[in-house]
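Right, one structure below, let's go through it.
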Amino acid sequence: MPSSVSPVEIDALGVRAEAMVNTLGTISAESDRLVRLFLTPEHRRAADFVTEWMRAAGLTLSEDALGTVRGRLEGRGKKRLLIGSHIDTVIDAGQYDGSFGVIAGILAADHFRDKRLPYGIDVLAFGDEEGSRFPATLASSSACAGIFKPEMLSLADRNGVTLADALSAYGKSRADIPAAAYDRDEAAAYVEVHIEQGPVLETRNQPLGVVTAIIGQTYLNIEFLGEAGHAGTVPMLLRRDALAGAAEAMLLGETMARESKGEVVATVGRIAVTPGATNVIPANVVAIFDIRSGSEAARAKFAESLKAEVRAIADRRRLGLTITSTREIATTPCHPYVQDQFADAIRALGAEPLRLGSGAGHDGQAMAKLCPVGMLFVRCRGGISHNPAEYASPRDLGLAVAALIGFIERFEPDRFARVS
Ligand code: GLV
Ligand code: MN
Ligand code: MN
Numbered sequence: 000m001p002s003s004v005s006p007v008e009i010d011a012l013g014v015r016a017e018a019m020v021n022t023l024g025t026i027s028a029e030s031d032r033l034v035r036l037f038l039t040p041e042h043r044r045a046a047d048f049v050t051e052w053m054r055a056a057g058l059t060l061s062e063d064a065l066g067t068v069r070g071r072l073e074g075r076g077k078k079r080l081l082i083g084s085h086i087d088t089v090i091d092a093g094q095y096d097g098s099f100g101v102i103a104g105i106l107a108a109d110h111f112r113d114k115r116l117p118y119g120i121d122v123l124a125f126g127d128e129e130g131s132r133f134p135a136t137l138a139s140s141s142a143c144a145g146i147f148k149p150e151m152l153s154l155a156d157r158n159g160v161t162l163a164d165a166l167s168a169y170g171k172s173r174a175d176i177p178a179a180a181y182d183r184d185e186a187a188a189y190v191e192v193h194i195e196q197g198p199v200l201e202t203r204n205q206p207l208g209v210v211t212a213i214i215g216q217t218y219l220n221i222e223f224l225g226e227a228g229h230a231g232t233v234p235m236l237l238r239r240d241a242l243a244g245a246a247e248a249m250l251l252g253e254t255m256a257r258e259s260k261g262e263v264v265a266t267v268g269r270i271a272v273t274p275g276a277t278n279v280i281p282a283n284v285v286a287i288f289d290i291r292s293g294s295e296a297a298r299a300k301f302a303e304s305l306k307a308e309v310r311a312i313a314d315r316r317r318l319g320l321t322i323t324s325t326r327e328i329a330t331t332p333c334h335p336y337v338q339d340q341f342a343d344a345i346r347a348l349g350a351e352p353l354r355l356g357s358g359a360g361h362d363g364q365a366m367a368k369l370c371p372v373g374m375l376f377v378r379c380r381g382g383i384s385h386n387p388a389e390y391a392s393p394r395d396l397g398l399a400v401a402a403l404i405g406f407i408e409r410f411e412p413d414r415f416a417r418v419s
C-alpha cells in the first residue's frame, strides 16, 4: 500500500512538529538549560500545552492520577491503540527526547479526526520516564499498565518531598491510581515514536528504523561509609575515604564494561558526597550504577561480579558498604506484528526499514506488561541525546509522523490473537 501522506503534507507535518517541539523546549525550571521534572510547575505547563494541542486535534481529554494527559479518538470498536511518550526531561536536556513522541501521536491522531477507524486511539503524555526527580521511573506508564507499586509513593526527591506529597501538590489523589489502569481487553497495543538517541540510522543514511527490543536495566545504589576527618592532618594510610573507594569502584565498573566487548554498558552519572567540603575527608558517598544489556544473563552476571569486586574494595579500604537495587527491568521485545507494520509503513515512504535495538529505556517497558508494544525510531544528528545539542530535521520528523499514520492505517487489533 503506498503512503497516503503526500510529500507536501510530510513537509508540513515536519514543520508543525518542529514548532511544537520548540514550544515545549522553552518550558523549563531554569532559564539557561532545559529541566522539566515530574509533577513540577513546568510539568503542569507542558501538560497544559499538550492538552490544548490534543483538544485542537479533536481528541477528548482526560488526565489520570499520575498526571498522564490522555487524548482519545473514538473508533468503531472497543479496542484502542495507545500511542505515547513522555514530557519530563533529564537535567540539561535536549528538546526531542519524549516530547516528539507525544507530538507525533497528536499529529497522527489529528490526521484521522474525521475518519472513524475500526479501533480507537489514545494519545498518552507520560510525566515520569526519565526518573530525574524520584529514584525510580516509569511511574506514570506503570499506572496505565496496572503495575504501579504503592511503595513508590514513599520515595523522596532530593529535597525530601515524597512522590505521595508531590502528587497531592499536583492535585491528584492516590485513591484514583487503580482507575488509571487500562482494561486488558481494551488496550490492543502500545506504540511510541522516539528519536534514536544513537548513531545507527545516521550512519546507515536512513531516516527511520524499527525497534526490535528495549534494553534491560539494573540500577545499583552503592553506598560507601568512611570517616570524616581533617584533610590536612590525617595521614594518608590512616584514612577511610569514602569517595576514593567510590572512585575505584567506578573505574572498575568502566573497565568491566569495556571488557564485555559491547555486551554491557555501565555508567555512574550521579554521586552524592557527604559532607562535601574541600578540606574534609569524604565520610559517605552514594554512587548510582546504571547497568544495561540486551542479554539478561550478561546483565545479571555483570551486576553480581561488580558487587563482589566492590565488596573487596570496601573491605580493603575498611569502608562500610550497602548495595541496593533500585531498578530491575527486563529486556522488552517489540512485538513482531507491530515491527512488521512499522516496516511496511517505512517502505511505503521509500525508505529502508532498518531494525535496531534500543539502548535507552522507554515507557514501553512498563506498557509491555499490559499489551504488545513497538517503537519507531527517528534519525537524530550525531546520535546525540540527553544533551542540549539533540536535533532531528523537520523532514525526518515529518517522515516519522507519516510512518505512524501508515502504521495506524495498517494496524488490525485482532491480528494479535492470530500471530502471537
Ligand atoms: C531514559 O532515557 C533512559 O534510558 O534512561
Ligand atoms: Mn525518552
Ligand atoms: Mn531520555
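So for the sequence shown, numbering that gives the first Met the number 0 puts the first residue at 0; every next one is plus one.
A virtual CB, placed ideally from N, CA and C, is assigned to each residue, including glycine.
Best match in the options for proximity to residue i [C-alpha to C-alpha]
i	options	result
C333	T22, D113, L369 and A163	L369
L65	V4, A103, D164 and V14	D164
V4	F410, A399 and A271	A399
A135	L375, T323 and E191	T323
V284	R310, A246 and A347	A246
A174	P149, G159, S153 and A367	P149
A307	M19, Q205, I221 and V101	I221
L224	T232, L236, N158 and R310	R310
R44	Y169, A367, P412 and M151	Y169
I328	M366, I312 and T254	M366
N-terminal and C-terminal residue of the alpha helix (DSSP H) that residue i is part of
i	result
Y336	P335 to A347
L81	Per DSSP, L81 belongs to no alpha helix (DSSP H); it is in the beta strand (DSSP E), R79 to H85.
S357	Where S357 is concerned, there is no enclosing alpha helix (DSSP H), although the beta strand (DSSP E) it sits in stretches over L353 to S357.
F48	P40 to A55
L396	P393 to R409
S98	S98 to H110
Contact set for residue i: own chain, Cβ-Cβ below 7 Å, skip 5 residues either direction
i	result
A227	P274, V279, I280 and A282
T147	At residue 147 the sequence reads Phe, which differs from the Thr that was named. Contacts found: A138, S141 and I176.
Beta-carbon proximity of residue i to residue j, cut-off 9 Å
i	j	result
G97	I82	no
G360	G197	no
A142	I120	no
A248	L166	no
A124	T67	yes
I105	V49	yes
V377	D395	yes
V122	M374	no
F341	A188	no
G118	L58	Reading off the sequence shown, one finds Tyr at residue 118, where the question assumed Gly. In this structure, L58 does not lie closer than 9 Å to Y118 by Cβ.
L348	S30	no
A402	I345	yes
Start-to-end residues for the beta strand (DSSP E) that takes in residue i
i	result
M366	From DSSP, M366 is part of no beta strand (DSSP E) but of the alpha helix (DSSP H) over G363 to M366.
N220	G215 to L224
V68	V68 to L72
V263	V263 to T273
M374	V372 to V377
V122	G119 to F125
T59	T59 to E62
Residues of its chain near residue i, where Cβ-Cβ distance is below 6 Å and the 5 sequence neighbours each way are ignored
i	result
R132	L36, F37 and D156
I404	V4, A107 and H110
R354	V209 and T211
R238	I280
A92	L33
Y390	R380
L242	V272, P281 and V284
G319	L224
Proximity test, residue i beta-carbon vs ligand 4 heavy atom, cut-off 8 Å
i	result
Q196	Here the bound small molecules are ligand 1, ligand 2 and ligand 3; ligand 4 is not part of this structure.
Spatial neighbours of residue i in its chain, beta-carbon cut-off 8 Å, leaving aside the 5 residues before and after
i	result
I214	R291, S292, G293, T330, G356, S357, G358, A359 and G360
A28	V34, R35, L36, T39, P40 and E41
A178	D63 and A64
L219	I287, F288, I290, A302, L305, K306, I322, T323, S324 and T325
(request) May I have a chain-ordered list of the alpha helix (DSSP H) segments no shorter than 4 residues that lie completely inside the region 279-345? (result) 295-315
(message) At 4 residues or longer, what runs of the alpha helix (DSSP H) sit wholly inside the region 166-223?
(response) 199-202
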